[in-house]
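Each residue of the sequence shown is one higher than the one before, starting from 1 at the first, in full-length UniProt numbering.
Report on the following structure.
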Amino acid sequence: MDLFKKGLAFGLGLAVASKEQVKKFVDELVKKGEISIEESKEVFNQLIKRGEEEKTELQRLVREQVAQVINKLDIATKEDIRELEEKIRKLEKEDE
């Protein structure tokens with residue numbers, strides 16, 4: 001797996017990781033001596049922030065993909081249905 005794919009996989013992993021999982025990961029880094037206890041707080045906060053950003057981006061991408069599929073399948077959206085309902089109401093009023 002190339003570096004880009006690893007980074008993407010890590011980012012997506014962070015997007016779905018719980019705070020407990022991130023804390024375990026950071027605690028393990030401290031235990032291995034890779035970061036200090038003081039650094040661990042900053043690393044934890046950065047990872048949580050990055051995870052939230054990745055989660056938001058992932059949600060946006062999923063919404064975009066779903067919208068494209070709906071469009072390709074020619075399925076009526078809520079907005080389409082609202083517009084049709086409004087047209088029906090107008091036609092019913094004209095008939096009265």
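Idealized CB from N, CA, C, for every residue including glycine.
{"Asked": "Residue 90, enclosing alpha helix (DSSP H) - first and last residue", "Found": "78-95"}
{"Asked": "Through-space distance from residue 24 to residue 36, alpha-carbon basis", "Found": "14 Å"}
{"Asked": "DSSP three-state assignment for residue 34, whether helix, strand or coil", "Found": "coil"}
{"Asked": "Exposure label - residue 51; buried when at least 16 CB within 10 Å", "Found": "buried"}
{"Asked": "Residue-chain proximity (residue 54, chain C), Cβ-Cβ < 9 Å", "Found": "In the displayed structure, chain C is absent; only one protein chain is listed."}
{"Asked": "For residue 19, three-class secondary structure by DSSP", "Found": "helix"}
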